[in-house]
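At the far end of the sequence shown sits residue 275, using our numbering, and the numbering has no gaps.
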Amino acid sequence: MKKNLFVLAAAAIMAVSCGTTNASLSILHVNDTHSHLDAIRSGERIGHGGVIERAAIIDSVRNARGESNVLLLHAGDFNQGTSYYTTYKGLLEVDLVNAMGYDAITLGNHEFDNGLADLAARVKKIDCPVLCANVDFSGTPLDGVIKPVTTIYKGGLKIGIVGATSDLATMVSSSISSQITQLDNVQAVNYWSNYLRDEKNCDMVIFLSHLGYQEDQELVPSLHGVDIVIGGHSHTFVDGFVYVADADGKQVPVITDGCWGYDMGEIIVR
6 MKKNLFVLAA
16 AAIMAVSCGT
26 TNASLSILHV
36 NDTHSHLDAI
46 RSGERIGHGG
56 VIERAAIIDS
66 VRNARGESNV
76 LLLHAGDFNQ
86 GTSYYTTYKG
96 LLEVDLVNAM
106 GYDAITLGNH
116 EFDNGLADLA
126 ARVKKIDCPV
136 LCANVDFSGT
146 PLDGVIKPVT
156 TIYKGGLKIG
166 IVGATSDLAT
176 MVSSSISSQI
186 TQLDNVQAVN
196 YWSNYLRDEK
206 NCDMVIFLSH
216 LGYQEDQELV
226 PSLHGVDIVI
236 GGHSHTFVDG
246 FVYVADADGK
256 QVPVITDGCW
266 GYDMGEIIVR
């Protein structure tokens, strides 16, 4: 198992401009965008949010840091919440995810709203890996379509990412949840984080979670080998990390980034 010390900084990016930095890795992350494709139309944050601003921020950071040094993640619930989803059945969001070049996405509970077959058809159109390690999809249209983990090289690091979603038995129709088996979060995340460390020799393991901000903090004390938790589901706006000791006593940063794409989080790893 590789052991590494990372120096982290976190911020919510509010504007498009981005200065140069000597950071080895920039992790851009959003969650719970919920088909909010337009900018905010009223209030003190008018003009912020929306896919045009997000795409501009992503391009700006990639241009400043170098594309090979930028990791782009979504912690789930990219679907459902506006008339765009109702009209285009989630396919417009898929096109935009591909256009912005996400590196990995975790399934949120609202991705399941139109059933497993519909979700499988949409996921097959997504260019990046779509992750969920804590659900057994055997015998369903999602079997083999959803991956528990992925690996990627960015910023000179081999990075492993493990995904997990919220408790679907309480979040989706019983006609959907009855077709799948929810796995124990601790066992699933530990199994796959150990796999990424020991079998795949990853330098860093990210837990891309759709459990909720409080649930993430409650889970970390039982985890081994996770370096960063990037979460979603609870729509919690935070400024910076909360550090929680894992099962080995290591301080693990936990972060999330609100909802609806109002901000985009950036984690700088040096």
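For each residue, glycine too, the CB sits at the ideal point set by N, CA and C.
Nearest-angstrom Cα separation, counted from D203 out to A104: 34 angstroms
Which of helix, strand or coil DSSP assigns to N27: The predicted model places N27 with a pLDDT of 49, which falls under 50 and marks its position as unreliable, so this point remains unresolved.
Just the Cα atoms here: how many angstroms apart are V21 and P134? Any reading at V21 must be qualified, since the residue scores a pLDDT of 29, below 50, and its modelled position is unreliable; the value itself is stated next. Going from the Cα of V21 to the Cα of P134 covers about 27 angstroms.
Classify R363 as buried or exposed, calling it buried when 16 or more other Cβ atoms lie within 10 Å of its own Cβ. Residue 363 falls outside the range modelled here, since the chain spans only 6 to 275, and no answer is possible.
Taking DSSP as the reference, what is the three-state secondary structure of Y200? helix
Apart from the five residues on each side of it in sequence, which residues of its chain come closer than 7 angstroms, Cβ to Cβ, to L124? E116, F117, L147
Measuring alpha carbon to alpha carbon, tell me which residue in L162, G168, I110 is nearest D141. G168
Below 8 angstroms on the Cβ atoms is my guess for S198 versus V210; work out the distance and round it to an integer in Å. 5 angstroms
Please name the residue in R70, G54, L78 whose C-alpha comes closest to that of V35. L78
Count the other C-beta atoms from every protein chain shown that fall within 10 angstroms of the C-beta of D43, then say buried if there are 16 or more, exposed otherwise. exposed
Return helix, strand or coil for M105, following the three-state DSSP convention. helix
Please say whether Q187 and N139 have beta carbons closer to each other than 8 angstroms? yes
Check A252 in the structure and name its three-state DSSP category. coil
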